[in-house]
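A short worksheet on the structure shown next.
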Amino acid sequence: MSARFGWPAALFSLKCFGASMLALFVALSIGLERPYWAFLTSYIVAQPMAGAVVSKGLFRVIGTMAGGAFAVAIVPPLVNAPELLSLAMASWLALCVFVSLLDRTPRAYMFVLAGYTACLIVFPSVDAPDTIFTVASLRVQEIMIGIASASLVHSVIFPGSVSNVLLARVKAMLADAERWSHDAIAIHPVEGLEDERRRLAQDISELHQLSIHLPFDTSRLAPRVRTVRALQDELAQLLPLGAAVEDRLAALKSASGGVVPPETQALIADVRDWLAAPGEDRPERSAAAQALIDRCAAMEPAARRDMDWGEMMRMSLFARLATLIAAHRDCRDLYEQMAVHSREPVTPRVAELLEGRRSRELHRDVAGAARGAFGAFVTIITGCALWIGSGWTDGSTAVMLAGVFLALFAGSDNPAAPIKGFMMGTLIASALAAVYGYAILPRLDGFPMLAAAFAPMLLALGAMLASPRFSGIALPVLLGLGSPALIADRYVGEFAAFLNGTIAQLVGVWFAIIMAGLLQSAGVENAIRRTIRATWTDLATRSTMMTTPDVRGWVNRMLDRIALLAPRLATARRDGGDLLFHALRDLRTGVAIGELRQLRLTLPAQEGQPLAEVLSGVARHYRGLDPDAPQPAEPALLTGIDHAVDALSDNESAAVRRQGVLALVSLRRNLFPEGPPYRRMAA
């Protein structure tokens, strides 16, 4: 508890308070009508890292301007047609929610803002359409004041550096990855590997999220984003490689009665020792890694025409182990590239890895995004119908807040849960607002007294905002303390206006909870099923494509899916061990498919025909799978794989024989882990 609410939380709270008071003072000094927007914005964009404040502020400005422009465009022509205006608002919010859910990066905040900013501007202004441009422009101005104040304070006063956080997390990630590989390739199984796999997948996703803020970091020595992207790619290779080595070792032990040859044991022991202490000196680390890679190559059986199953398994083991060692070496070199803050590559290999970097491929849940968009659409339509039918003037506030909450939490598998937290925070804020508005503020005179009166509560809430556990309560309380009933002069002392506004807020939150519960029931189970189905659809599609395979993109997308599945399985209270294990196996299957496709493209049509038949069989298998009752692959596919092994092992090129055997052995082990050993078929 002391660590959570220690000096970092206190400093963060002090900076938030300073930024909010600066924003409020500027807004009041120049006579803006809604200074609470500037005040609240300074808290909404607050982040421990200065670069994250700047990036979130930029996304908020863009989203606010887009939402304001939409509001100005639709209100004047549709103000006399409430049905069409409601339809336009519902459609706009649904579109913004849909795009934000597909983006799945911090940039998604920009689209969310564009959606609910239109709600915040349009619904309170329908009775005065001639002021819509003024309201929109003032909101943009006040939000920019809040963003500028937050960016200034958080960037100047003990700024939190994205670069420092990133380097510290990468160092910890590398240690986790090396420990996982160290345990995965052990001769005797190590407990807890599933948890470590899950953590590594989530670490890579976290690294991607941090890299979005990197260009906005205030440090001049920030690492280049392309270096972070290259490190993500190399880290992503570790899971399939380590799992492949683990599988081949288990298969060799099973085939030989649990005995591993002494020279293989010695090599594995030396690799594990290197992973346990790779060293800080780059030349020594690289030399040790290269020596281990050379030993793997020397122990790898030659790709002969009459290879038996045991030789194929040893070839696969040593080839994957060598690639695993190289990937760990490259991860360490890329971390050093990030730490030295230089544009010059530290090694020629790093220069190769930095070429052609691009954004990380993420899982796109189109059905889930459509579901969230539909929920936002129905909520606005239903809310507008109830508001217009009841004739309640402050009903616009309820509809506005319901739209805001549906936009903010549409990406959650259970949006009702965080909205209930907002309900509790709104109740607390209403009580505090009543005390401030009718017991404290009427007795104050001047801005210094106003700041002093708000200081105790804001400092406490700012410290809570720094904790993920309490931020769900702290933020709605802050929103309540920044309400127009307290900060805008024209509302102070008007109890009826305050009471109506409070009731409308509570009704809006309650309505959002009901709509989220009705429209998002069984959201977690459906999300798990959609993720599994998307994986199988991708595997089927990738199997029959005739373009150059994107193996790195596939690995990144699958790791993102694994990172999404783990918390969803925990939320659903399901034993996710089997599902995550099969997801990892699907990941390795996709890698093998990519290797086979690449080899097929390089071979003449006749020589590549056996591979084409295997890939077609794989596509049929995955297209026919049912997430609720998956069936094992048909024996005919196993026969087809063995036929392809026969055909490729007779190829005149040793390189083709090696590539074909490696890819087909991987596919065979993934689809038929309990299958009989390969035997060469009779002519």
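Count along the sequence shown from 1, then add 354; that gives the number in this note's numbering.
Backbone N, C-alpha and C define an ideal beta-carbon position, used for all residues, glycine too.
Closest by C-alpha distance to residue i, when choosing among the options
i	options	result
L872	L1016, T733, V831 and V519	T733
D767	L919, T459, V945 and L819	L919
M869	T736, Q563, H936 and I501	T736
I867	A643, F776, L957 and N854	F776
A783	V758, D719 and I857	I857
V408	S505, A490, S374 and A472	S505
Q985	L957, W890 and V909	W890
T395	M498, D892, A924 and A727	M498
L528	A490, P543 and R553	R553
A584	W908, M375, P637 and M692	M692
D660	Q1013, D1000 and N1024	D1000
P637	V700, A400, P460 and D624	V700
S509	L365, G611, E545 and A444	L365
L819	G779, L1016, V453 and Y792	G779
I475	R1023, M754, T956 and G855	M754
H1020	A605, D719 and L795	Going by the sequence as given, residue 1020 is Ser instead of His. For the residues A605, D719 and L795, the minimum Cα distance to S1020 belongs to A605.
E988	S1007, E1006, V968 and A998	V968
V544	V429, V758 and R626	R626
E617	R602, V599 and C650	C650
Inter-residue spacing [alpha-carbon to alpha-carbon] between residue i and residue j
i	j	result
L762	E634	44 Å
P1031	L941	23 Å
A724	D799	51 Å
D1004	E548	39 Å
G826	A363	16 Å
D932	L812	47 Å
S970	A448	39 Å
M355	S821	Annotation note: pLDDT 37 at M355 (below 50); position unreliable, coordinate value reported separately. Cα to Cα, M355 sits roughly 10 Å from S821.
D982	R884	11 Å
D843	G862	A caution first: D843 carries a pLDDT of 49, below 50, which makes its placement in the model unreliable, though a value can still be read off. Using only the alpha carbons, I get a separation of about 24 Å.
I773	L688	42 Å
D962	V972	As written in the sequence, residue 962 is Gly, which differs from the Asp given in the question. If I take the Cα positions, the gap works out to 16 Å.
R922	A764	15 Å
R906	G944	10 Å
S744	C738	10 Å
K817	P632	This sequence places Ala at residue 817; Lys is not what is there. Roughly 40 Å separates the two Cα atoms.
A462	I558	19 Å
G847	V466	Reliability of the predicted coordinates at G847 is poor, the pLDDT of 49 falling under 50, and the value obtained from them is presented with this limitation in mind. Using only the alpha carbons, I get a separation of about 34 Å.
E550	W908	21 Å
A917	G1014	31 Å
H975	S897	11 Å
D587	A881	26 Å
Y397	L853	25 Å
R1023	V453	39 Å
R578	R911	22 Å
A400	A807	21 Å
A946	A937	14 Å
L992	Y470	54 Å
N-terminal and C-terminal residue of the alpha helix (DSSP H) that residue i is part of
i	result
H975	A959 to R977
R583	V579 to A609
W446	P436 to D457
G775	A770 to V789
F763	Per DSSP, F763 belongs to no alpha helix (DSSP H) and is neither H nor E.
T471	A462 to V476
F1026	Neither: F1026 is in no alpha helix (DSSP H) and is coded neither H nor E.
Y397	P389 to I398
W741	V720 to S744
I679	W663 to V694
G372	W361 to S383
E654	Per DSSP, E654 belongs to no alpha helix (DSSP H) and is neither H nor E.
T701	Where T701 is concerned, there is no enclosing alpha helix (DSSP H), given that its DSSP letter is neither H nor E.
I499	I486 to V510
P989	P989 to S1003
Residue i at chain D interface by Cβ criterion, 7 Å
i	result
T747	Within the model displayed, chain D is absent; a lone protein chain is all it includes.
Whole-angstrom C-beta distance between residue j and residue i, which should lie under 8 Å
i	j	result
V451	A730	5 Å
R686	R639	6 Å
R1011	A657	4 Å
I511	K369	6 Å
I541	Q619	6 Å
L1016	M669	7 Å
Q563	P460	6 Å
Residue i CB to nearest heavy atom of the ligand NAP below 6 Å
i	result
P822	Judged by which ligands are present, the structure shown has none, so any question about the ligand NAP falls away.
Flag this pair as touching only if the region 664 to 684 and the region 587 to 597 have three or more C-beta atom pairs under 8 Å; answer yes or no. Here the region 664 to 684 makes contact with the region 587 to 597; the two share three or more CB pairs at distances below 8 Å.
Segment contact flag, the region 514 to 532 with the region 417 to 429, C-beta cutoff 8 Å, min 3 pairs: A contact is defined here as three or more CB-CB pairs under 8 Å, and the region 514 to 532 fails this definition with respect to the region 417 to 429.
For the region 385 to 392 and the region 431 to 442, state whether three or more C-beta atom pairs, one from each stretch, are separated by less than 8 Å. Remark: fewer than three beta-carbon pairs, one from each stretch, lie closer than 8 Å, so the region 385 to 392 and the region 431 to 442 are not flagged as touching.
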